[in-house]
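Following our numbering, the numbering of the sequence shown begins with 17 at its first residue and continues without gaps.
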Amino acid sequence: MKTYFKKYAKYFDYPLFFTYLLLCLFGLVMIYSSSMFWAVNRLQEPPDYFYKKQLMNLSLAAVTFFIGLIIPYKRYKDRNMMMLIIATMLSLLAAVFLFGYSPSNSGAKSWLNFGFANLQPSELTKLGIILYFAAFFAKKKETGKLDIINESIMPPLLVFGTVILFIGLEPDLGAIGLITMIALSVMAASGMKFTTFSKIIGWLIGLAVVGLIGLFIFKDSFFTEKRMGRLSAYLDPFKDSDAFGYQIVNGYYAIGSGGVKGLGLGQSVQKMGYLPEPHTDFILAIISEELGTLGVAIVLFGLGFIVYKAMRIAIKAKDPMARMIAAGIGSWIGIQTFANVGGLSGIIPLTGVPLPFISYGGSSVILLSLAMGILANVSMLVKKENN
């Protein structure tokens, strides 16, 4: 271990690390500010209830970051490691299908309760797909067989299809969209020929059409009142502002009242029972209300900087696996940020995804921290190779 750190410590990416750290700490402060009323008045808990729970989550996140940092990324190319990643993803997703539950009656049974902790396996799947795809395609690239469809493309696509099937049974369409885009970003960075990549896109479009046909056939069971309400709220949230559009409309009020400078830290009105669970997916609305456009800009700049650094690492990487891991993690954070901000602002329908490093939640911040540790490890080795 000492030899490893002596060899690579001088290549550690401090700007990447400190941006990640500051985002986590800023998120912790905003979780405390946004959740006090909810904890006291809705759960009859102390005002720092969610703050303490997130502090524990961040403690575990620090451990996973360190684990990701110290394991050389090329270890994930080991066959046993690849099989472990696949087995873990599929077994947890199968467990969700059998034993999953839906928090706050959100509709999708996407969580597992282990007693001492809850886990959302779809979060783990995002990182699992990145590592498995990067390792598999890198090995095929080394042997010159990357563009052989049956040998190099079909095995990972079968794993991907199984993952999507399980998540579709929850059902969690937001997670399906995110994981699909993450998988495509890794494949785009693999170095496969454009014709091969185009075929994959064509197959995915075909699968999407089949999925839409399936939704039409089972429309009575899928298009429930709640899901249709969410769709109508996206199209016109003010039309049903007392029901399905309630959260979006109150999010708009929070954003609109903040202005440029905000009302001041802790001074949000919407968190006083108007905006449901303001410390989770809609935490950016509270940031906007309390810290204004400047506060939102700081958060988005930090997240944008991490995405930029990840893509720079991918561009500079000589090793295809390093390139794919960096591109995949950068895409994950970028796409998830867009999905959260887009849902909040009404650009896209609400997907229920947290804002990376900022929203309350253990599964998200712990697994994103593991991904950041892996990205920091990739960055160190890429810097060493280029020097």
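Think of the CB as a built atom: it goes at the ideal place given N, C-alpha and C, for glycine as much as any other residue.
Bridge partners - residue i, DSSP secondary structure assignment
i	result
W127	Y117
L366	Its beta-bridge partners do not exist; DSSP assigns none.
N134	N129
CA-to-CA distance, residue j to residue i, given in whole angstroms
i	j	result
S206	Q286	45 Å
F210	F182	29 Å
N356	L366	8 Å
L228	V323	32 Å
I302	G116	30 Å
F317	P253	28 Å
A258	V265	According to the sequence shown, residue 258 is Asp rather than Ala. Spanning the two alpha carbons is a distance of roughly 9 Å.
N129	I374	23 Å
Y36	G289	30 Å
A313	I233	44 Å
G378	Q136	9 Å
D163	T212	6 Å
N331	F321	For clarity, residue 331 is Ile in the given sequence; the question names Asn instead. Approximately 15 Å, taken between the alpha carbons.
N166	I217	16 Å
L384	L291	26 Å
A78	M72	10 Å
H295	I169	41 Å
W348	L194	8 Å
D188	F82	30 Å
F177	G278	Before going further, note that residue 177 is Gly rather than Phe in the sequence given. Using only the alpha carbons, I get a separation of about 45 Å.
I364	W54	27 Å
L41	K215	43 Å
L133	K161	Per the sequence shown, residue 133 should be read as Ala rather than Leu. Roughly 43 Å separates the two Cα atoms.
N57	I47	16 Å
E158	D335	10 Å
S284	L39	20 Å
A103	I146	15 Å
L247	L360	14 Å
Outcome for residue i when other beta-carbon atoms lying within 10 angstroms are tallied against a minimum of 16
i	result
E401	exposed
M340	buried
K142	buried
E186	buried
Q263	buried
Y222	The sequence shown places Gly at residue 222, rather than the Tyr named in the question. Result: exposed.
D297	buried
Q352	buried
V225	exposed
L140	buried
V315	buried
L319	buried
P172	buried
L307	buried
M99	exposed
Beta-carbon proximity check, residue i vs residue j, cutoff 8 Å
i	j	result
L371	L310	no
Y376	Q70	yes
M337	A199	no
V112	Y148	no
L281	S50	no
A270	E305	yes
L397	T80	no
V179	A343	no
P88	N393	yes
A333	G346	no
A151	K68	no
G144	G389	no
S138	S126	yes
L74	Y65	no
Y30	K399	no
G190	G368	yes
L44	I382	no
A249	G261	yes
Opening and closing residue of the alpha helix (DSSP H) in which residue i lies
i	result
S257	Premise fails: S257 is in no alpha helix (DSSP H) and is neither H nor E.
A330	299 to 332
T178	170 to 185
F66	65 to 86
R91	Unbroken run through R91: none, as it is neither H nor E.
W348	336 to 361
M388	378 to 402
Y30	30 to 53
T196	189 to 204
Any non-hydrogen atom of the ligand FMN closer than 7 Å to residue i Cβ
i	result
R95	With respect to the ligand FMN, the structure shown offers nothing to examine, as it has no ligands at all.
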